[in-house]
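First up is the structure itself, then whatever we jot down about it.
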Amino acid sequence: MLPDRTSDSLADWLISHPGVEIISRDRGGEYACGAAQGAPQAIQVADRWHLLKNARETLQKVIDRHQKQVRESVKLVAERESQLSSNQLHDSMQLSNSSTTPNTENISRSKKRMLYEQVCELHQSGMSIRKIASQLRVGRRTVRRYLRADAFPERAKRSGTSCLDPYQDELKPMWDAGVTRATVLWKRLKEQGFQGSYSVVSRKITLWRKRLQTPGDCQRMLNNLRVVQLPSSRHLSWLLWKPVDKLKRNEKKLVKELLKAPKILQATQLIHEFQAFIQQKNSTGWDDWLERACSEDAPIEIQRFGKNLKQDGQAVKAAMESEWSNGQVEGQVNRLKMVKRQMYGRASFDLLRARFLNNA
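Structure (structure tokens):
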């Protein structure tokens, strides 16, 4: 167990423990450098899980850049599924991920869109990413994400269940009967077994109050119309990553439309080939794949991914051919984090090391 993640610490440990033949590691450059310095004779094996993670994230970046094609694909699939008339679809389709009550969300989206336009204008004027981030007071990562996208990157609306859902049949009648105070409603629900906090009920009641401010006819129309949400880039990357036979019917249709975009199709094919190299542990055709991935015809994100793999070429190829895995180490890292959190992150290195190794 080392005190830090520096290459010097790893190199010193390897020098003091000669005879190491194989080193399984993640993609961190410090570990690669330390392993080369401390045990140049050892075979380095890149972790397969991290390689696949990097590949899927690369696919996500490609989707980020092609937001226009994503919108068109989602809209086309939604039109076919809903079978609404063109006028109804124009009124109901909200590709901006807006909700039915969203004054605050619309304001937030407008501000982000304005920021996106400012970033693009400053970049076109020749300003660097660092200066843009400083002038607009945003992170450089945000600036890079905006510049990668070919259109304003919409944010996917979160969806999920609530602990309040099983009590809707009890809550709604009380609300309709005129009981509108969140405190009273929360206490009555607790008498019926509700385990959630007051804030859960309060947020729900606040939402209903906002809806009362909307004219009745307009509100009923908004409730009845089907609102199409733009999936997040992360979600779409998982759909493109999965085997087709693992997708649902509507997901297959969406993937089919997305793959009509040439760059998304090319990126998906290259990533699937890389996925096969890792999962099948077969490096046949690896050099040809690297050449195609690094060519100027490939999407820029794939080019960067390919060049990064080429820099770590021997370790990546060893991951395709070797039986060694970083899985055991990753499991120990997870256990180490648990022990560290049990001491609220305040334990010294010596205490943390003693607790961790004594339980091993």
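Note that the numbering used here has the sequence shown beginning at 7, numbered continuously upward. For every residue, glycine included, the Cβ atom is placed at its ideal position computed from N, Cα and C. Keep in mind that this is a model prediction, so the values were computed, not measured.
If you check the beta carbons only, do residue i and residue j fall under 8 Å apart?
i	j	result
R154	K262	no
T64	I306	no
G202	L253	no
A139	R146	yes
Q58	I270	Contrary to the premise, residue 58 reads as Leu rather than Gln in this sequence. Their beta carbons are not under 8 Å apart, which means L58 does not touch I270 by this criterion.
C39	S13	yes
K266	E327	no
S243	R62	yes
A3	I211	Missing from the structure shown is residue 3; the chain here goes from 7 to 366 and no further.
W292	K323	yes
W295	F311	no
Q141	L121	no
E257	L246	no
V206	S239	no
A325	Q309	no
With distances taken Cα to Cα, identify the nearest neighbour of residue i among the options.
i	options	result
R341	D171, K137 and L358	L358
D70	S354, W214 and V149	V149
W192	Q141, Q47, S208 and P159	S208
E197	R143, F355 and E176	E176
E302	Y122, E329, G35 and Q272	Q272
L82	D18, A17, L264 and Q130	L264
Y152	Q174, Q130, S168 and V125	V125
V76	Q275, P268, I308 and S134	P268
R86	R255, Q275 and D18	R255
G35	S354, A325 and Q317	Q317
V339	G351, F362 and E329	F362
E160	A84, Y204, H72 and A360	H72
A282	P249, A304 and E297	P249
K216	G199, T274 and T186	T186
L213	P24, Y350 and W181	W181
Among the residues of its own chain, which have a CB less than 7 Å from the CB of residue i, if the five just before and after it don't count?
i	result
M344	none
D32	D53, H56 and N332
A45	L20, V26 and I29
R119	F158
S116	none
Q47	none
K178	none
S354	none
G222	The predicted model places G222 with a pLDDT of 48, which falls under 50 and marks its position as unreliable; any figure quoted below should be read in that light. Nothing meets the Cβ criterion.
K74	D156 and A157
R136	R146
Near residue i, which residues of its chain fall below 6 Å by C-beta distance, leaving aside the five closest residues on each side in sequence?
i	result
A41	I29 and Q50
S15	L8
L315	V322
L195	Y173
D356	none
L101	Because the pLDDT of L101 is 42, which lies under 50, any placement of that residue in the model is unreliable, and the number read from its coordinates should be weighed accordingly. Counting only Cβ-Cβ distances below 6 Å, and skipping sequence neighbours, we find R77 and L236.
F200	Y173
Y204	W192
M6	Nothing about residue 6 can be reported from this structure: the residues present for the chain run from 7 to 366 only.
Since residue i and residue j are thought to touch, with beta carbons under 8 Å apart, how far apart are those beta carbons, to the nearest angstrom?
i	j	result
V144	L260	About 31 Å separates the two Cβ atoms, so there is no contact after all.
Only counting the same chain, and skipping five residues up and downstream in sequence, which positions put a Cβ closer than 8 Å to that of residue i?
i	result
D18	G44
K346	A353 and L358
A304	Q272, A273, L276, R298 and G312
S131	none
S92	Its pLDDT being 41, under 50, S92 is placed unreliably in this model, and the coordinates cannot settle the point.
Runs of 4 residues minimum, wholly inside the segment 281-334: which ones carry the alpha helix (DSSP H) assignment? For the segment 281-334, whole alpha helix (DSSP H) runs of length 4 or above, ordered along the chain, are 292-299, 306-317 and 319-327.
Let me know the alpha helix (DSSP H) ranges lying completely inside the segment 137-175, each 4 residues or longer, listed in chain order. 146-154
For the segment 176-219, which segments carrying the alpha helix (DSSP H) assignment without a break, of at least 4 residues, lie completely within its bounds, in sequence order? 188-197 and 204-218
Taking the runs of the alpha helix (DSSP H) that are 4 residues or longer, which of them lie wholly in the segment 32-96? Inside the segment 32-96, DSSP marks whole alpha helix (DSSP H) runs of 4 or more residues at positions 35-44, 54-71 and 73-88, from first to last along the chain.
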